[in-house]
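Line order of the protein sequences matches chains A and B.
Each residue of the first sequence is one higher than the one before, counting from 70 in the numbering used here.
Each residue of the second sequence is one higher than the one before, counting from 1142 in the numbering used here.
The beta carbon of each residue, even a glycine, is placed where N, CA and C say it ideally should be.
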Amino acid sequence: MELITSCKQTRRIVDEADRPDALPYSAAGHIASCGECRTFAEERERLRHLLTSPARVSAPANFDAVLRQRLQERAAQKVNPLRRAFSWFSPAGYVRLGAATAGLLIFFMTAQVMLRDEPQTPTRPGSVQRREQLAVTPPAPTPTPPPPALVTPGIERGEIQPPRVSHPGMYQNRRELVRPVSHTVSPERGGAVPPDVVIVRGPNGEIEVPVRPVSVGAQPILYVSGGQQSAPPVRTTF
Amino acid sequence: MATVTHQAHAVGIGGIKSVESANDHDLIAAVRDGDEVAFQEIVRRYRNPITNFVYRMIDDYERAVELAQETFIRVYTSASRYEANYSFSTYIYRIATNLAISELRKRKRRKFISLFSPFVDDGGEPVEIDLPDDKPLQDESLIDDERRRAVARAIASLPEKYRAAIVLRDVEGLSYDRIAEVLKLSEGTVKSRINRARNLLKEKLSAYM
């Protein structure tokens, strides 16, 4: 035990010595009598010599000049306070700002699309049904002034033809007829007309669209006066 | 040095003779007051040891020169923060050590792959191929070159915490207490790391010992 302790202590002393030839007397005496510790001391000396044997490198000849230039560049960066104050507006800052703006835009557009596609009215389960009355009323027997144009939501298909004017400013018939549509809704005679409901089934569900019945056919749904439309046509598309 | 003017006379360090004989504390105090001549003297004293130290740490001469210059830039710009509690050599070696260790960690993250060692062992570690040379060694310088390369490779293979301690001790010749100040460790930890590093190097360099 005493030998191991001495060997351990001796090796620690050898390892920590600044110079291998400057060992304490007790350690030097132990090394002289212990083969293993002597081998250890010799290995440590060869290793130290090996680590210090490579020639030391030195700084290049232009070291000072390059250092001076780098210091000037560093000082120039520090002197410009405006640049520091507005450093946020650097190209990197613009990129960040653009990315943040794009992200917000995408978010709001997505939210808008999702809200728009939501069903606005409660729908009924079941297949699509359509309740409407198709009727074509006979043309008016007397040339009475047509009722004011009904600006009501309706169902029509086809296009509203522009008035055909042969002589500008001269009209033989001021009433321009709209091309009859295939689906019409005519009002019930004699009384209040209850609104009809059209159930439309779309990709996002069913919606009920109340529509006021209108009559289409001989009766014009659009009153054209003086070549000017008194009301714009209403068009519903699916 | 755009904001530095020649004010060597203002702090009493004037002329080449005075600067060379001034100690490090006086020089850094003069640098704090804007003395460019004092800073040049500091550079002259430490550029070779710092360059050599960083080179031994990272085994890349060009990068070692850049890091050595960065060390002096930090000394210059942070001169006001230098405290006289430690010696200036401790201060500058601490800066250089931190820069070298940062460089080593950066390289580790980049995972540099040596072009000369495309082979890996069973553990996935790159194996350096050292082809035997059958020709007889005719020039002593070749032996020295080979030994130098072997030592550089062996030091480069050490973990960075052991590498810094062994290079400061056996290459730069710093004492244990100075190394402890540089690395901000206790003296016992420094001694333990140096002992461990030497044991590892002995295994790697056994052929040259």
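Those residues which DSSP pairs with residue i across a bridge
i              : result
R270 (chain A) : A:E275
D265 (chain A) : A:V280
Cβ shell of residue i (< 7 Å), same chain only, five flanking positions each side left out
i               : result
A1220 (chain B) : I1169, V1172 and R1173
Y1349 (chain B) : R1288 and A1291
A1205 (chain B) : T1192, V1195, Y1196 and I1199
R1337 (chain B) : Y1303
K1332 (chain B) : Y1317
C106 (chain A)  : C76, T79, R80, H99 and I100
Q241 (chain A)  : Low per-residue confidence applies at Q241 (chain A): pLDDT is 46, beneath 50, and the placement is therefore not dependable, though the value from the model is reported in the following sentence. There are no such residues.
Exposure of residue i, with buried meaning 16 or more beta-carbon neighbours within 10 Å
i               : result
N1193 (chain B) : buried
R243 (chain A)  : At R243 (chain A), the pLDDT of 45 sits below 50, so the modelled position is not reliable; the number obtained from the coordinates is stated separately. Result: exposed.
E1203 (chain B) : exposed
R81 (chain A)   : exposed
I224 (chain A)  : Below a pLDDT of 50, predicted positions are generally treated as unreliable, and I224 (chain A), at 43, falls in that range; no measurement from the model is reported.
Q146 (chain A)  : exposed
R88 (chain A)   : exposed
P1190 (chain B) : buried
V1195 (chain B) : buried
D1286 (chain B) : exposed
E1313 (chain B) : buried
F132 (chain A)  : buried
Y163 (chain A)  : exposed
A171 (chain A)  : exposed
V182 (chain A)  : exposed
T1218 (chain B) : exposed
Q1210 (chain B) : buried
P123 (chain A)  : buried
I175 (chain A)  : exposed
E1244 (chain B) : buried
A134 (chain A)  : exposed
E228 (chain A)  : Note that E228 (chain A) has pLDDT 46, beneath the 50 cutoff, so the model's placement of it is unreliable and the number below is only indicative. So E228 (chain A) counts as exposed.
L184 (chain A)  : exposed
R1250 (chain B) : exposed
L1299 (chain B) : buried
R1334 (chain B) : buried
L1315 (chain B) : buried
L166 (chain A)  : exposed
L173 (chain A)  : exposed
Cut-off 8 Å between Cβ atoms - residues of its own chain near residue i, not counting five sequence neighbours on either side
i               : result
E1182 (chain B) : V1160, E1161, A1163 and L1168
D1318 (chain B) : E1328
L1346 (chain B) : A1291, V1292 and A1295
Y94 (chain A)   : none
A1237 (chain B) : I1191, F1194, V1195, L1208, A1209 and T1212
Closest residue to residue i among the options (Cα-Cα distance)
i               : options                               : result
E1224 (chain B) : B:F1213, B:R1250, B:H1166 and B:R1251 : B:H1166
T1212 (chain B) : B:R1188, B:E1203 and B:G1314          : B:R1188
L119 (chain A)  : B:I1335, B:R1186 and B:D1311          : B:D1311
S102 (chain A)  : A:A91, A:R88 and A:T79                : A:T79
N1226 (chain B) : B:E1322, B:V1331 and B:T1238          : B:E1322
R1248 (chain B) : B:R1235, B:A1297, B:I1236 and B:R1215 : B:A1297
G1175 (chain B) : B:R1235, B:Y1234 and B:V1216          : B:V1216
F1180 (chain B) : A:L136, A:A97 and A:T108              : A:L136
L1240 (chain B) : B:L1324, B:T1330 and B:R1186          : B:L1324
I1320 (chain B) : B:R1235, B:L1245, B:L1299 and B:R1250 : B:R1235
E114 (chain A)  : A:A86, A:A96 and A:G167               : A:A86
R1186 (chain B) : A:T121, A:S127 and A:P123             : A:S127
Q141 (chain A)  : B:E1177, B:R1334, B:S1282 and B:L1326 : B:E1177
Sequence-distant residues of its chain with Cβ nearer than 6 Å to residue i (five each side left out)
i               : result
A110 (chain A)  : V83 and I100
I1242 (chain B) : E1301
S75 (chain A)   : H99
A96 (chain A)   : T79 and I82
V1184 (chain B) : F1213
Contact with chain C by residue i, beta-carbon distance below 9 Å
i               : result
V1184 (chain B) : Absent here is chain C; the protein component of the structure consists of chains A and B.
Requested in this report: Spell out a yes or no on whether the segment 1289–1309 of chain B and the segment 1224–1231 of chain B are touching, meaning 3 or more CB-CB pairs, one atom from each, closer than 8 Å.
Outcome: no
Query raised in the report: Any chance the segment 1297–1308 of chain B sits against the segment 1333–1344 of chain B, with 3 or more Cβ pairs inside 8 Å?
Result: yes
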